[in-house]
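Offset between the sequence shown (1-based) and the working numbering: plus 927. First up is the structure itself, then whatever we jot down about it.
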Amino acid sequence: MSSASKPMILELNDVCFSYSKVESLIYNLSFSIGEGEFIGLLGANGSGKSTILKLASGILKPLSGDLRLWGKPLHSYMNRDRAKLISYLPQTLDITVPFTIKELVSMGLYPYDIPPAMSVYDALEMVGLRDKEGAHLADLSGGERRRTFIAMTLLQGAGLLLLDEPLANLDLKYQVELIRLLRKLRKDRNISVVMALHDINIALQFEKVVLIKDGKILGIGPPEYILSEELIRNAFDVDVRIIRQQGEKAYISYENNF
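If you want it as structure tokens, here you go:
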């Protein structure tokens, strides 16, 4: 199914936002998230990625513009009903909470009076942590902590995952594991994923990229078209070379900057 024919889960139309009355941070932002899409929200630190995810999740309200979830105004949903449709994972995770993995994942049930079909054990199995249900969060590796919070969002049952820099401070192995997990969830459960990131080479692994600078969209579409040397230079203020080898995916080289 092409992107254009996928049912739209969330649509942002001319959204503007500011934390102060002096200057807007997000300017006339418009893009949509289709069912089963795997989208990278790419930009330098401070470009507005986290704010965009908070707007998309309903945590923040725009100064102007329109956000629609399954065709209805985003903020017309009660918080618990919205939580069944959208799950947001912030960049900073509280690992000091004195909970076991099982207890933390169980918190994904909070929107429900009647538990969904998926159990805590199903969610733990999907992220490969079924054998560590009794461990405490502080005793886990960085990758395991991320997977624990992913399991909680899965149990929440939302069809759209909004993830703010989930790869931050993870070793390469755990970055790869997390990307593989999200791809599997997309394939097996048709879950849509929007992930904020600033690693250009990782962005090449996504179906679609939204390139952000100073709260504005520089480009949106497949990464092989959007991630040009010119746009990357504009977004990150750094010179790069895009290296394409026959039969292989492109990758970004920064070596000219050293």
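Glycine included, each C-beta is placed from N, C-alpha and C at the ideal position.
Checklist entry - Exposed or buried, what is residue 1002 when buried is set at 16 or more other beta-carbons lying within 10 Å of its beta-carbon? => result As a working mapping, residue 1002 is identified with position 75 in the sequence shown. So residue 1002 ends up on the exposed side.
Item to check | Backbone CA spacing between residue 1029 and residue 1060 [nearest angstrom] | outcome: In the sequence shown, counting from the first residue as 1, residue 1029 sits at position 102. In the sequence shown, counting from the first residue as 1, residue 1060 sits at position 133. Roughly 5 Å between the two C-alpha positions.
Item to check | Spatial distance of residue 929 from residue 1062 (CA atoms) | outcome: Position 2 of the sequence shown, counted from the first residue, corresponds to residue 929. Position 135 of the sequence shown, counted from the first residue, corresponds to residue 1062. Only weak support exists for where residue 929 lies, its pLDDT of 47 falling under 50; the coordinates are left without a value.
Item to check | Stretch pair the segment 978-995 + the segment 1082-1092: three plus CB contacts closer than 8 Å | outcome: yes
Next on the checklist: Taking the alpha-carbon of residue 958 as reference, which of 937, 1077, 1036 has the nearest alpha-carbon?
Outcome noted: The count along the sequence shown starts at 1 and reaches residue 958 at position 31. It is 937 whose Cα lies nearest to the Cα of residue 958.
Checklist entry - Would a C-beta distance cut-off of 8 Å place residue 975 and residue 1139 closer than the cut-off? => result Within the sequence shown, the letter at position 48 stands for residue 975. Within the sequence shown, the letter at position 212 stands for residue 1139. Contact: yes.
Item to check | According to DSSP, residues forming a beta bridge with residue 935 | outcome: The count along the sequence shown starts at 1 and reaches residue 935 at position 8. Beta-bridge pairing links residue 935 to 961.
Item to check | N- and C-terminal bounds of the beta strand (DSSP E) containing residue 995 | outcome: Position 68 of the sequence shown, counted from the start, is the residue given in the question as residue 995. Segment 991-996, the beta strand (DSSP E) holding residue 995.
Checklist entry - At which residue ranges does the segment 1082-1160 contain complete beta strand (DSSP E) runs of 3 or more residues, listed in the order of the chain? => result 1087-1091, 1119-1124, 1135-1140, 1143-1148
Next on the checklist: Assuming contact is defined by CB atoms lying nearer than 8 Å, are residue 1180 and residue 1167 in contact in what I supplied?
Outcome noted: Residue 1180 sits at position 253 when you count from the first residue of the sequence shown. Residue 1167 sits at position 240 when you count from the first residue of the sequence shown. Closer than 8 Å, so yes.
Item to check | For residue 967, the three-state DSSP class (helix, strand or coil) | outcome: Residue numbering aside, residue 967 sits at position 40 when the sequence shown is read from its first letter. The answer is strand: DSSP assigns residue 967 an E or B state.
Checklist entry - Would you call the segment 1135-1149 and the segment 1102-1111 in contact, with 3 or more CB pairs under 8 Å? => result no
Checklist entry - Under the rule that 16 or more other beta-carbon atoms within 10 Å means buried, what is residue 985, buried or exposed? => result The residue given as residue 985 occupies position 58 in the sequence shown. By the neighbour-count rule (16 or more Cβ atoms within 10 Å), residue 985 is buried.
Checklist entry - For residue 1047, does the three-state DSSP call read helix, strand or coil? => result The residue given as residue 1047 occupies position 120 in the sequence shown. It is helical.
Item to check | Three or more C-beta pairs below 8 Å linking the segment 1043-1061 and the segment 1072-1080 | outcome: yes
Next on the checklist: Between which two residues does the alpha helix (DSSP H) holding residue 1009 run?
Outcome noted: Locating residue 1009 in the sequence shown gives position 82, where the first residue counts as 1. Residues 1006-1010.
Checklist entry - How close, in whole Å, do the beta carbons of residue 968 and residue 956 come, if the pair is a contact with beta carbons under 8 Å? => result Here residue 968 is taken as the residue at index 41 of the sequence shown, counted from 1. Here residue 956 is taken as the residue at index 29 of the sequence shown, counted from 1. The Cβ separation is near 11 Å, so there is no contact.
Next on the checklist: So residue 945 and residue 990 are supposed to be a Cβ contact under 8 Å. How far apart are they, rounded?
Outcome noted: The count along the sequence shown starts at 1 and reaches residue 945 at position 18. The count along the sequence shown starts at 1 and reaches residue 990 at position 63. Contact holds; Cβ gap of about 6 Å.
Item to check | residue 1232, buried or exposed, once every other Cβ within 10 Å from all chains shown has been counted against 16 | outcome: For residue 1232 there is no data in the structure shown, the boundaries of the chain being 928 and 1185.
Next on the checklist: Using C-beta distances below 6 Å, list every residue in its chain close to residue 935, excluding the 5 sequence neighbours before and after it, in chain order.
Outcome noted: Reading the sequence shown from its first residue, position 8 is the one you call residue 935. Contacts found: 959, 961.
Next on the checklist: For the alpha helix (DSSP H) containing residue 982, name the first residue and the last one.
Outcome noted: The sequence position of residue 982 within the sequence shown is 55, counting from 1. Residue 982 -> alpha helix (DSSP H) spans 976-984.
Item to check | Outcome for residue 1093 when other beta-carbon atoms lying within 10 angstroms are tallied against a minimum of 16 | outcome: The residue given as residue 1093 occupies position 166 in the sequence shown. Per the 10 Å Cβ criterion, buried.
Checklist entry - Which residue comes first and which comes last in the beta strand (DSSP E) that contains residue 1056? => result Residue mapping note: residue 1056 aligns to position 129 of the sequence shown, counting from 1. Where residue 1056 is concerned, there is no enclosing beta strand (DSSP E), given that its DSSP letter is neither H nor E.
Next on the checklist: Please tell me whether residue 1050 and residue 1085 are closer than 8 Å, where the distance is taken between their beta carbons.
Outcome noted: Within the sequence shown, residue 1050 is the residue found at index 123, counting from 1. Within the sequence shown, residue 1085 is the residue found at index 158, counting from 1. No, Cβ-Cβ distance for residue 1050 and residue 1085 is not below 8 Å.
Next on the checklist: Which residue wins for smallest C-alpha separation from residue 1117, given the options 951, 1080, 953, 964?
Outcome noted: By one-based count along the sequence shown, residue 1117 stands at place 190. Measuring from the Cα of residue 1117, the nearest candidate turns out to be 964.
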